[in-house]
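What follows is a short report on a single structure.
2 protein chains.
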Amino acid sequence: MLKYIGTQELQQYLAHHPLEQVIGELSTYIEADYRRWPQFEKTARLAAHSTLGVIELMPISDGTLYAFKYVNGHPRNTHQGLLTVTAFGVLADVDTGYPRLLSELTLSTALRTAATSVLAARYLARRDSHTMALVGNGAQSEFQAIAFHALLGIDELRVFDVDPGASAKLCRNLAAYPALRVIQAGSVAEAVRGADIVTTVTADKRRSTVLDAGLLEAGMHLNAVGGDCPGKTELAPAVLEAARVVVEFEPQSRIEGEVQQMPADFPVTELWSVLTGAAPGRTSAQEITLFDSVGFALEDFSALRYLDAHLGHGFHQSIDLIPAPADAKDLYRVALGGSKISSVPRAARANA
Amino acid sequence: MLKYIGTQELQQYLAHHPLEQVIGELSTYIEADYRRWPQFEKTARLAAHSTLGVIELMPISDGTLYAFKYVNGHPRNTHQGLLTVTAFGVLADVDTGYPRLLSELTLSTALRTAATSVLAARYLARRDSHTMALVGNGAQSEFQAIAFHALLGIDELRVFDVDPGASAKLCRNLAAYPALRVIQAGSVAEAVRGADIVTTVTADKRRSTVLDAGLLEAGMHLNAVGGDCPGKTELAPAVLEAARVVVEFEPQSRIEGEVQQMPADFPVTELWSVLTGAAPGRTSAQEITLFDSVGFALEDFSALRYLDAHLGHGFHQSIDLIPAPADAKDLYRVALGGSKISSVPRAARANA
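Protein chains in written order, with UniProt numbering: chain A, 1 to 352; chain B, 1 to 352.
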């Protein structure tokens, strides 16, 4: 039987483990996996594009474990009360091909994206950073805010969204963090002015310009999370020209990241080499750095490893997705297993 | 909530619907989808190879529905009591990216493979075919036997496997079909001699020669199911040279099928064009035809459509793989949903 972690199981786990602690632990798993980058078989994700969005499959393997995530991105979904991003994934054994864990990854994607943003910022933002602009106040925003506050020392947040209702929602939710001063800005410019870090988490299936070069200030770290597929960007090209750009997996980011707007030889650095010290992090107080985040399968591999390890012994169900026949060459007998005269035992089902 | 069809749900369905009827209905769905081939966005599957096997993701979309299957192939798994092939898949809506059905596909793969084999044979084998050789008597074999007997009129089956225990198992299982005469052959040659159709469903991760050209007879139809990835074939190259070869999706079959052994310009015909009449089926009684089957995502798309339509109103569970927040921009509130003070309603869980 396969382990199953649904929304309910993760909610139960989070009721006993604070979000910021989970994001911090995830960050550790993600860093450990990025640091052993050469061990992974890496490929750009398989994307099926349509007018309204994209559905992607993101596989990766380290030779022992195989993982993949299914994820969609449909910016207009919220108009019909649906999430812009939903996801789920599976962790499997390479030697047998058997899946071992099926898990929700909608919540977990928000957690691992924030964890990766903080991980990158640890190496790229100025050490004394304490103010962050947060542009885009939708589903991802609380996770980014909490991660940067609890794990990187951000104590002032300037939030902005074209939907004032979203900003109000974010402010309400962050009231639980009294040490974080939250200011609702009237524009992107107002949010960004004087900020150490600028996080953009907007959703729009086009080449938008949330941030233009005129808003840049020396020493800023830009955490560009929202743009993440061809034709979907947040930053004006001049912003990239002014910054040192760090990406996750270059072949994928050339297609999907902000750098899709630049020539193919525009210099970028992969995150793993910054983490291992092969490439420098921030090189001066004046430097403008950009983490051009699109989401890479390694982060979901880490998340699934984390879920398997931390929730796999209490906060999970069993699911009969894969049959367990008495004779592995007799699948036919499994097919007949539902008949009254069959001797195949019924699969046990754990109750909620 | 997502619909879930596990092993148990499919067993219950099959207890009320005979295997041969289900395979026949699947065959109809598969033919209908192959006939609208140009509507599908097609890609070769994403394969992660290892010494012991392969794990593949097989996505496909017709612009309205998106489907993918996860499947593994590990020929040595049976040595440890595990299935050689396990699988599961998801059907999703293209316009929202939301998955609608998660289903077991281990049993369903055996069903849809047999359905596709019969579909191809309907156009390629001689009309008066009544004897079939079945080489490889493992997990797939009963489904092939039952499909060809019930849907194509095969009344004599000559079975062979290097493992006599597997042959004995197959013979025992087919005793439920008294109109099918089953003969246990002492060799491949004995099984194949005088057969109208030869089905090979062996599992060995190498270039083996189950069938060599010396065993071919005029008019035979070869249903080559076992070989299905690079370095894994069943037929000697001379067999392909003697036959008219039909494949599912040429770009994928050039890599994975028996035709991987031939030059890149070796002529093949795609199955869809035979089904629509754009290319001929069998052209003479003497012709040797070969359906070089590897498994294509369209067949799983059809299977998932079938499962959604036929089991989706009674033989399924609900699963909380994707959250359903009250406010689609407030995923944070879902994360807090497990706490006692939360007002988010608990996801309902249907019991077995």
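Using N, Cα and C, we set each Cβ at its ideal position, and we do this for glycine too.
Based on the DSSP output, what are the partners of B/Asp93 in its beta bridges?
-> The count along the second sequence starts at 1 and reaches residue 93 of chain B at position 93. B/Leu65.
Taking only beta-carbon positions, decide if B/His74 is within less than 8 Å of chain A.
-> Position 74 of the second sequence, counting from 1, holds the residue named residue 74 of chain B. It does: the Cβ of B/His74 has a partner Cβ on chain A nearer than 8 Å.
Determine the DSSP secondary structure at B/Glu258, reduced to helix, strand or coil.
-> Looking up residue 258 of chain B in the second sequence gives position 258. Correct three-state label for B/Glu258: helix.
Chain B beta carbons: is any one of them nearer than 8 Å to that of A/Ser50?
-> In the first sequence, counting from the first residue as 1, residue 50 of chain A sits at position 50. Interface flag for A/Ser50 against chain B is set, since a Cβ pair is found closer than 8 Å.
B/Ala147 to B/Asp292, Cα distance in whole Å?
-> Position 147 of the second sequence holds residue 147 of chain B. Position 292 of the second sequence holds residue 292 of chain B. Computed Cα separation, rounded: 18 Å.
Beta-carbon proximity of B/Gly194 to B/Ala285, cut-off 8 Å = In the second sequence, counting from the first residue as 1, residue 194 of chain B sits at position 194. In the second sequence, counting from the first residue as 1, residue 285 of chain B sits at position 285. Cβ atoms of B/Gly194 and B/Ala285: not closer than 8 Å.
Is B/Asn137 helix, strand or coil when you go by DSSP?
-> Position 137 of the second sequence, counted from the start, is the residue given in the question as residue 137 of chain B. B/Asn137: coil per DSSP, three-state reduction.
Are any of the Cβ atoms in chain B nearer than 8 Å to that of A/Lys3?
-> Within the first sequence, numbered from 1, the residue matching residue 3 of chain A stands at position 3. For A/Lys3, the answer is no, since every Cβ of chain B falls outside 8 Å of its Cβ.
Validate contact between the segment 101-120 of chain A and the segment 293-301 of chain A using beta carbons, cut 8 Å, 3 pairs | Flag = yes, the segment 101-120 of chain A and the segment 293-301 of chain A touch.
Based on the DSSP secondary-structure assignment, which residues constitute the bridge partners of A/Ser103?
-> Stepping through the first sequence from its first residue, residue 103 of chain A is reached at position 103. The secondary-structure analysis by DSSP pairs A/Ser103 across a beta bridge with A/Ile5 and A/Gly89.
Terminal residues of the alpha helix (DSSP H) in which B/Ile30 lies | Here residue 30 of chain B corresponds to residue number 30 of the second sequence, with the count starting at 1. Counting along the chain, the alpha helix (DSSP H) containing B/Ile30 begins and ends at Leu19 to Arg35.
Find out if the Cβ-Cβ distance for the pair A/Ile268, A/Val245 is shorter than 8 Å.
-> Within the first sequence, residue 268 of chain A is the residue found at index 268, counting from 1. Within the first sequence, residue 245 of chain A is the residue found at index 245, counting from 1. Checking the sequence shown, residue 268 of chain A turns out to be Val, not Ile. Cβ distance < 8 Å, so A/Val268 and A/Val245 count as in contact.
Find the nearest neighbour of B/His74 within the set A/Gly337, A/Lys329 and A/Leu336, judged by alpha-carbon distance.
-> Locating residue 74 of chain B in the second sequence gives position 74, counting from the first residue. Per the Cα distances, A/Lys329.
Taking just the CA atoms, how far does B/Ala185 sit from A/Met58?
-> Here residue 58 of chain A is taken as the residue at index 58 of the first sequence, counted from 1. Here residue 185 of chain B is taken as the residue at index 185 of the second sequence, counted from 1. Between A/Met58 and B/Ala185, the C-alpha separation is close to 46 Å.
With distances taken Cα to Cα, identify the nearest neighbour of B/Ile55 among A/Ile60, A/Leu52 and A/Ala179.
-> Numbered from its first residue, the second sequence carries residue 55 of chain B at position 55. Among A/Ile60, A/Leu52 and A/Ala179, the Cα nearest to that of B/Ile55 belongs to A/Ile60.
Using the DSSP secondary-structure output, state which residues sit across from B/Glu156 in a beta bridge.
-> For the purposes of this step, residue 156 of chain B is identified with residue 156 of the second sequence, where counting begins at 1. Beta bridge pairing from DSSP links B/Glu156 with B/Thr131 and B/Arg181.
Name the chain A residues that come within less than 8 Å of B/Phe68, Cβ to Cβ?
-> Position 68 of the second sequence, counted from the start, is the residue given in the question as residue 68 of chain B. Annotation: Cβ neighbours of B/Phe68 in chain A (cutoff 8 Å, chain order): Leu57 and Tyr70.
List the residues of chain A whose Cβ lies closer than 7 Å to the Cβ of B/Ile23, in chain order.
-> For this step, residue 23 of chain B is matched to residue 23 along the second sequence. In chain order: nothing, as chain A lies at least about 11 Å away.
From the DSSP output, in three-state form, read off B/Arg112 for me.
-> What you label residue 112 of chain B is simply residue 112 of the second sequence in a count that begins at 1. Helix.
Would B/Tyr98 count as contacting chain A if we go by Cβ distances under 8 Å?
-> Locating residue 98 of chain B in the second sequence gives position 98, counting from the first residue. Closer than 8 Å: yes.
Chain A residues whose Cβ lies nearer than 8 Å to that of B/Gly6 | Locating residue 6 of chain B in the second sequence gives position 6, where the first residue counts as 1. Going along chain A in sequence order, the residues near B/Gly6 (Cβ under 8 Å) are Ile319, Asp320, Leu321 and Ala347.
Would you verify that the beta carbon of A/Phe296 is, or is not, closer than 8 Å to some beta carbon of chain B?
-> In the first sequence, residue 296 of chain A corresponds to position 296, counting from 1. Under the Cβ distance rule, A/Phe296 does not count among the residues neighbouring chain B, no pair being separated by less than 8 Å.
With 16 other CB atoms within 10 Å as the buried threshold, where does A/Asp320 fall?
-> As a first step, residue 320 of chain A is located in the first sequence; it is residue number 320 there, counting from the start. Counting other Cβ atoms within 10 Å of its Cβ, A/Asp320 reaches 16 or more and is therefore classed as buried.
C-beta neighbour in chain B for A/Glu234, strict 8 Å = Mapped onto the first sequence, residue 234 of chain A falls at position 234. Among the CB atoms of chain B, none fall inside 8 Å of the CB of A/Glu234.
Can you give me the Cβ contacts of B/Leu52 inside the same chain, cut-off strictly under 7 Å, excluding the 5 residues immediately before and after it?
-> Position 52 of the second sequence, counted from the start, is the residue given in the question as residue 52 of chain B. Excluding residues within five positions, the ones whose Cβ falls inside 7 Å are His74 and Arg76.
For A/Leu19, which residues from the same chain have a beta carbon less than 7 Å from its beta carbon, with the 5 sequence-adjacent residues on both sides left out?
-> Your numbering for residue 19 of chain A matches position 19 in the first sequence. Excluding its 5 nearest sequence neighbours in each direction, A/Leu19 has C-beta neighbours in its own chain below 7 Å: Ile146, listed in chain order.
Below 8 Å CB to CB, which residues in the same chain sit around B/Leu134 once its five sequence neighbours on both sides are set aside?
-> Taking the second sequence and counting its residues from 1, one reaches residue 134 of chain B at position 134. Taken in chain order, the residues that qualify are Ser141, Gln144, Ala145, Leu157, Arg158, Val159, Phe160, Leu170, Ala191, Thr199 and Val201.
Using a Cβ cut-off of 8 Å (strictly closer), state whether A/Gln39 contacts chain B.
-> Here residue 39 of chain A refers to the residue found at position 39 when the first sequence is read from its first residue. Interface residue (Cβ-Cβ distance to chain B less than 8 Å): A/Gln39 is not classified as such.
Nearest to A/Gln80 by CA position, among B/Pro178, B/Arg254, B/Glu217 and B/Ala324, is which residue?
-> What you label residue 80 of chain A is simply residue 80 of the first sequence in a count that begins at 1. Comparing Cα-Cα distances from A/Gln80 to each of B/Pro178, B/Arg254, B/Glu217 and B/Ala324, the minimum goes to B/Ala324.
State yes or no: is the beta carbon of A/Asn173 nearer than 8 Å to at least one beta carbon in chain B?
-> The sequence position of residue 173 of chain A within the first sequence is 173, counting from 1. Answer yes: the Cβ-Cβ gap between A/Asn173 and chain B drops below 8 Å somewhere.
Closest Cα partner of B/Leu10 within the set B/Leu105, B/Leu46 and B/Ala32 = Within the second sequence, numbered from 1, the residue matching residue 10 of chain B stands at position 10. Measuring from the Cα of B/Leu10, the nearest candidate turns out to be B/Leu105.
C-alpha gap between B/Ile341 and A/Leu331, whole angstroms | Along the second sequence, one-based indexing puts residue 341 of chain B at 341. Along the first sequence, one-based indexing puts residue 331 of chain A at 331. Unreliable positioning characterises B/Ile341 in this predicted model, as indicated by a pLDDT of 42, which lies under 50. The coordinate reading is nonetheless provided below. Just so you know, the alpha carbons of B/Ile341 and A/Leu331 end up roughly 48 Å apart.
As assigned by DSSP and simplified to three states, the class of A/Leu46 = Translated into positions along the first sequence, residue 46 of chain A becomes position 46. For A/Leu46, the secondary structure class from DSSP, reduced to helix, strand or coil, is strand.
Going by Cα to Cα distance, which pick from A/Thr283, A/Ser302, A/Ala278 and A/Ser208 is closest to A/Gly257?
-> Position 257 of the first sequence, counted from the first residue, corresponds to residue 257 of chain A. Of A/Thr283, A/Ser302, A/Ala278 and A/Ser208, the residue nearest in Cα terms is A/Ser208.
With DSSP as the reference, label B/Arg207 as helix, strand or coil.
-> Residue mapping note: residue 207 of chain B aligns to position 207 of the second sequence, counting from 1. In this structure, B/Arg207 counts as strand in the three-state DSSP scheme.
Does the Cβ of A/Ala243 have 16 or more other Cβ atoms within 10 Å, making it buried, or fewer, making it exposed?
-> Here residue 243 of chain A refers to the residue found at position 243 when the first sequence is read from its first residue. Its Cβ being crowded by 16 or more others within 10 Å, A/Ala243 is buried.
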